[in-house]
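Note sheet for the following structure.
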Amino acid sequence: MSNSMNFSVPPDLQKYLRDLDAFIEDKIVPLQNRDDNNRFFDHRREHARTDWDNGGLPRPEWEQLLSESRKLADEAGFFRLNLPRQYGGQNSEDGRGSNLWMAVIREHLASKGLGLFNDLQNEHSMVGNFPDVVMVMNYGNEQQKEELIGGRLKGKVRITFGLTEPGHGSDATHMETKGIPEKRNGVDGWLLNGAKRWQTGMHHASHCFIFARTAGKDGQAAGISCFVVPRETPGLVAESYEWTLNMPTDHATVSIKNVWVPSSAVLGPIHNGLGVAQAFVHENRIRQAASSLGAAVYCVKESVEYANRRAPFGTPLSHNQGIQFPLVELATQCEMLRLLIRKTAVEMDSMPHVEVEKRIGDKVSMCNYWANRLCCEAADRAIQVHGGNGYSRHWPFEHIWRHHRRYRITEGSEEIQMRKVAAYLFGFGGRKSLTDATVKDAKL
């Protein structure tokens, strides 16, 4: 697919998908079918995954299974696809690992339904997503790259992300966590105090990226810094794990009390931590949009097949327009959204990373908020079409709805995403109005 409006999937990507499917059938499906591992995916999934007597955290055997499958994917050459070759990946000028490739792959895997090959509940996939690696790759010094990226790829380092706070979510520039300079034993450093919430993966983290205001005033983007804090640092405590709509949870509320780190723990330029936090935001949002689209496609496909098969009063459900029309609308939206996601991914691949926000940040937000909403609507419609079966946990739709409902809040709530689109549309905040851009494009 290129900017010349060729909407077909490139042949080498088609081959990659076939190879990926063959690997899943050969290695991952047998692993899922072994030792009753299907309990993590059938009607028992929420209970099987959740250690209710240990704060609702993931059961160790569930996480071990995920780790085993990722190891198989890594050995087969799939897991690190979008990483640079220096880290064992395949990202290169021929398009492998590009935003287009990742968007197509993410939709493809999510459209296959629930399975060990791609569990969206915890961002697990045979083709990995590495936001932490990208952040360190772009902003870390050589020592940080060796320790954090090298350790991450060996499975020895796990990083959690501390930006959101108990009193501040979308308004991150108003965070209350503060960092002040403090020298200890002749070593320059920073003393951190505050709290974080929804810090995912804290139960098995080795390091935390903690964001704190180190200069400037509330509301200013400048003046926030990112610190790499080892998990066992005194004063860094996981106070609780918040139970959520879809369990298990690994979302911690963390207190930060007199946590001292040396100046070498700063990731990226001091006072420019938001730039570090946004290093991967657009890539993550376009891939999340593709995953939600894939799950929506699965819900529509399964509903169509069920409506053709189910025949109350001797007539298939699919003969009723009340069944047809809602699915027609969802299928239409899936087709249109797919084109916008792939067009946006291609445009992202055609420009420097730093240009994405300025030039097409609105398109990324359109893809993300609409895909997540569409997935929830498709899952809800699938429940309705399947009737009592859809409401049961013996079908996957309630799980899909409960999980994807979170993405209308996380990754930037849909209201924040829509506000960004509005800024482009109406020319707020120095953005060029979309009407101006449309006129310009028309003249071209």
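Residue numbers for the sequence shown follow UniProt numbering, so the first one is 1 and each next one is one higher.
Ideal placement from N, C-alpha and C gives every residue a C-beta, glycine not left out.
Counting the other CB atoms within 10 Å of its CB gives N284 a total of 16 or more, which places it among the buried residues. Under the 10 Å beta carbon count, Y369 is surrounded by 16 or more other beta carbons and is classified as buried. Counting only the Cα atoms, V304 lies some 10 Å from Y298. In the DSSP assignment, S255 falls within the unbroken beta strand (DSSP E) covering H251 to P262.
In the DSSP annotation of this structure, F227 is not part of any alpha helix (DSSP H); the continuous beta strand (DSSP E) holding it starts and ends at I224 to P230. By the neighbour-count criterion, in which 16 or more other beta carbons inside 10 Å mark a residue as buried, I180 falls on the exposed side. Unbroken alpha helix (DSSP H) stretches of 4 residues or longer found wholly inside the region 368-422: 388-391 and 397-404, given in chain order.
Closest in alpha carbon position to G275, among C208, C375, A172 and D188, is A172. The residue from F41, L57, E75 and V9 with its alpha-carbon nearest to that of K27 is E75. The beta carbons of A205 and L192 sit no closer together than 8 Å.
In chain order, G189, W190, L191 and W260 place their CB closer than 7 Å to the CB of E182, counting only its own chain and leaving out the 5 sequence neighbours on each side. With a beta-carbon spacing of about 7 Å, L267 and Q144 fall inside the 8 Å limit used to define contacts.
From the listed residues D35, Y306 and A252, the smallest Cα separation to A238 is found for A252. Apart from the 5 residues on each side of it in sequence, I341 sits with its Cβ closer than 6 Å to the Cβ of A103, A289, A290 and C367 in its chain, given in chain order. The criterion of a C-beta distance shorter than 8 Å is not satisfied by L374 and A311. In the DSSP assignment, A215 falls outside any alpha helix (DSSP H) and carries neither an H nor an E. N372 is positioned such that its CB atom lies no closer than 8 Å to that of R338. F117 and N82 have their C-alpha atoms some 17 Å from each other. Remark: fewer than three beta-carbon pairs, one from each stretch, lie closer than 8 Å, so the region 315-329 and the region 359-366 are not flagged as touching. One thing to note: G294 has its Cβ no nearer than 8 Å to the Cβ of I224. Per DSSP, reduced to three states, the secondary structure at P181 is strand.
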